[in-house]
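Take a look at the structure below.
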Amino acid sequence: MKEGKYRYLFHNMALFTISSFVSKVLVFCLVPFYTAVLTEAQYGIADVMQTTLLLLVPLLSMNAGESALRFGLDHTEDRDRILLFGLKKVIRSIIIVVTVCVLTALYLNTELPRPVFMSGRSLPVILLLFAVLYTCDSLYEFMLLYCQGTEQVQIMITGSVSCTLFVILSNLFLLLVLQLELLGYLLAQMIAFTGSFLIMFLLIGGREQLKSAIQREKSRADNDILEKEVTEYGASMLLYSTASWVNNAIDRYYILLMLGAVQNGLYGAAYKIPAILQTIQRIFAQAWQMSAVKEYKGEDREKFFSDMYRTYEAVLVMGCAGIILFLKVIASILFQKGFYEAWILVPPLLVSVIFGALEGFLGSIALAFRDGKSMGRATGIGAVVNVILNYFGIMRFNTFGAALATLCSYFVMFALAFLFVRKHVKLKVNIVRDAVALMLLVIESLMVIFNMKNYFWWNTGIVIILLLLFRGEAMMVIGKFIKRRQDAD
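Following the working numbering, the numbering of the sequence shown begins with 1 at its first residue and continues without gaps.
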């Protein structure tokens, strides 16, 4: 059983790795295609709509997806009811968005000045398209998390990969053949979300589950207890999800408003390199969410959580150090023409990914204990710090100030999350070693930023020192891998 928890985690990580790799590679290949057929303004409208979805879906659905993920792992005998509760919340949110968008579209006068939205189409059309896009995306996102929470990971991956394939095929037809520009781009998203939702819904036997849940609701005298718990959990996470959105998006809005679209483009390009580390973070985070809920009641949970924390931190630190070491080489490959200068923003953004990932790790533990309020406070305070520091940082240091503000806010969130989680689990960490590792990353970053003489060789030495500092975690991972291979043989 002791090894079972590691096998469960690594098995899910392997599945999520396959899903993430396939989706990332295919979507990455579409970027040149999008930039060729869409104007900057059209692409910007689509980006704003997608960013808005990231805020509204969890907010208006009362975190229906996250609630399904959390309670699905706990209440295996009530998964059909959890599906029913979640879909009810999602449908209510859809009604709200559709109503607001339709009424606003009717109110707006089509004779208003028309900026470059969509080949001359008016704002009312954009609002109606957004309402449909919200409908499709909210159903898809909920079903993904429901499948993850009910441990139907293979179905979840099928939905994720099929969504990517739908996007590619739809875009090729709508943008290349029909040349519908932004309308085609948005329709492709709608087709992909809807098609993938239906595939997952059919594979889990959604119709039968809903019938069973409705009948059980009619016959149960206490049928509102679980629904009340699910609703309260989702409500307790509202601050957490909203503040997380603020932390992820506020720097870009500040730069756009204060410095303009060009600097915002450079900042967005700089995020492409930390995205390498974020891919590893997302793969682990998806698997860890499930393991944290499974093991939070275990007798040796402190050892398991501590082992995973230290190992996760080691991977993040070494990944960050390696990327910084070869930063200019990577930037020369990814960034063309004027975008190359964005490399200087990467080091603080990379370190912020480490703190964000560790905060997410701690958040999964807190949410396993259904303590959304503590994580909401940690993330909320971090968001306030982010809003304040971004303004003054950009005023003083332009885009580099935004990167520093992001780093500081994520550190604040991580520190508070670490303190709040201690009431549930006391993680055994080496604070001195962690502080030394952070200091070495800062030194490595400064050497690159200021282009110090022989910085590459000095930074190579720093990477070697970090390897020695985290050799224990490296040996543990290697040992687990060898044992798993032996068991398989």
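Built from N, CA and C at the ideal position, the CB exists for glycine as well.
**Prompt:** Does the distance from the CB of Thr-379 to the CB of Ser-236 come in under 8 Å?
**Reply:** no
**Prompt:** Given that a residue counts as buried once 16 or more other Cβ atoms are within 10 Å of its Cβ, and exposed if not, what is Gly-72?
**Reply:** buried
**Proximity to Gly-401 [Cα-Cα], best of Leu-123, Tyr-140, Met-375 and Ile-344** = Ile-344
**Item:** Buried or exposed by the 16-neighbour rule on C-beta atoms within 10 Å, applied to Asn-451
**Value:** exposed
**Prompt:** Does the separation of the CB atoms of Tyr-267 and Leu-38 fall below 8 Å?
**Reply:** no
**Prompt:** To which residues of the same chain is Val-497 closer than 6 Å at the C-beta, ignoring the five residues directly before and after it?
**Reply:** Outside the shown range of the chain, which is 1 to 489, sits residue 497, and nothing can be said about it.
**Asked** Using the beta-carbon count (16 or more within 10 Å), is Arg-70 buried or exposed?
**Response** buried
**Message:** Let's test the definition: count the other Cβ atoms within 10 Å of the Cβ of Ile-82 and tell me whether it reaches 16, buried, or not, exposed.
**Reply:** buried
**Message:** Using only the alpha-carbon positions, how far apart do Arg-282 and Leu-139 sit?
**Reply:** 21 Å
**Prompt:** Helix, strand or coil for Lys-423 per DSSP?
**Reply:** coil
**Request:** Since I believe Arg-301 is in contact with Val-425 (beta carbons under 8 Å), could you give me their beta-carbon distance rounded to a whole number of angstroms?
**Result:** 6 Å
**Prompt:** So Glu-341 is in the alpha helix (DSSP H); what residue range does that whole segment cover?
**Reply:** Glu-341 -> no alpha helix (DSSP H), and no H or E assigned at all.
**Request:** Could you pull out every residue in the same chain whose Cβ sits closer than 7 Å to the Cβ of Pro-115, ignoring the five residues on either side in sequence?
**Result:** Reliability fails at Pro-115, whose pLDDT of 44 lies under 50, so the model's placement of it is uncertain and no value is given.
**Asked** Going along the chain, which residues of its own chain have a beta-carbon closer than 6 Å to the beta-carbon of Ala-287, five neighbours each way excluded?
**Response** Leu-9, Asn-12, Met-13 and Phe-16
**Message:** With a threshold of 8 Å, are at least 3 pairs of Cβ atoms found where one atom belongs to the region 247-267 and the other to the region 383-390?
**Reply:** yes
**Message:** Quick check on the burial criterion: 16 or more other C-beta atoms within 10 angstroms. Buried or exposed for Met-475?
**Reply:** exposed
**Message:** I need the straight-line Cα distance from Leu-257 to Leu-59, nearest angstrom please.
**Reply:** 25 Å
**Message:** According to DSSP, is Glu-150 part of a helix, a strand, or is it coil?
**Reply:** Rather than Glu, the amino acid found at residue 150 in this sequence is Thr. Looking at Thr-150 - three-state DSSP - the assignment turns out to be coil, as it is neither helix nor strand.
**Asked** Just how far apart, CA to CA, sit Leu-427 and Phe-418?
**Response** 9 Å
**Message:** In whole angstroms, give me the CA-to-CA distance for Val-436 and Leu-327.
**Reply:** 22 Å
**Request:** Kindly list the residues whose CB is nearer than 6 Å to the CB of Gly-120, restricted to its own chain and excluding five residues on each side of it in sequence; keep chain order.
**Result:** The predicted position of Gly-120 is uncertain, since its pLDDT is 41 and thus under 50; a value taken from the coordinates is nonetheless stated next. If we look at Gly-120 and ignore the five residues flanking it on each side, it has no Cβ neighbours.
**Asked** Using the beta-carbon count (16 or more within 10 Å), is Phe-392 buried or exposed?
**Response** exposed
**Request:** Given a cut-off of 8 Å, decide if Leu-145 and Gly-265 are closer than it, judged by their beta-carbon atoms.
**Result:** no
**Request:** Tell me whether Ser-61 sits in a helix, a strand or coil according to DSSP, three-state version.
**Result:** coil
**Item:** Span separating the alpha-carbon of Ala-46 from that of Leu-182
**Value:** 7 Å
**Item:** Proximal residues to Asn-390 (C-beta, below 7 Å), its chain only, five neighbours per side dropped
**Value:** Ile-250, Asp-251, Tyr-254, Ala-402 and Ala-405
**Prompt:** DSSP three-state call for Asp-74: helix, strand or coil?
**Reply:** helix
**Request:** Assess, as a yes-or-no matter, whether the region 366-373 is touched by the region 350-358 under the definition of 3 or more beta carbon pairs within less than 8 Å.
**Result:** no
**Message:** What does the Cβ neighbour count give for Gln-215, buried or exposed, with the cut at 16 atoms within 10 Å?
**Reply:** exposed
**Request:** Give the straight-line distance between the Cα atoms of Ile-449 and Ala-105, rounded to the nearest whole angstrom.
**Result:** 49 Å
**Request:** Report the residue from Gly-149, Arg-207 and Lys-423 whose alpha carbon sits nearest the alpha carbon of Arg-79.
**Result:** Gly-149
**Request:** Could you tell me how far apart the beta carbons of Gln-289 and Ile-204 are, in whole angstroms, since I believe they sit closer than 8 Å?
**Result:** Contact doesn't hold; Cβ gap of about 19 Å is too wide.
**Request:** Report the residue ranges of all alpha helix (DSSP H) runs contained in full by the region 212-282; include only those spanning at least 4 residues, in chain order.
**Result:** 223-236, 238-258 and 261-270
**Request:** Assign Gln-179 to one of three DSSP states: helix, strand, or coil.
**Result:** coil
**Asked** How long is the line joining the alpha carbons of Gly-260 and Tyr-271, rounded to whole angstroms?
**Response** 17 Å
**Message:** Quick test of the definition: if touching needs 3 or more C-beta pairs under 8 Å, does the region 155-165 touch the region 207-214?
**Reply:** no
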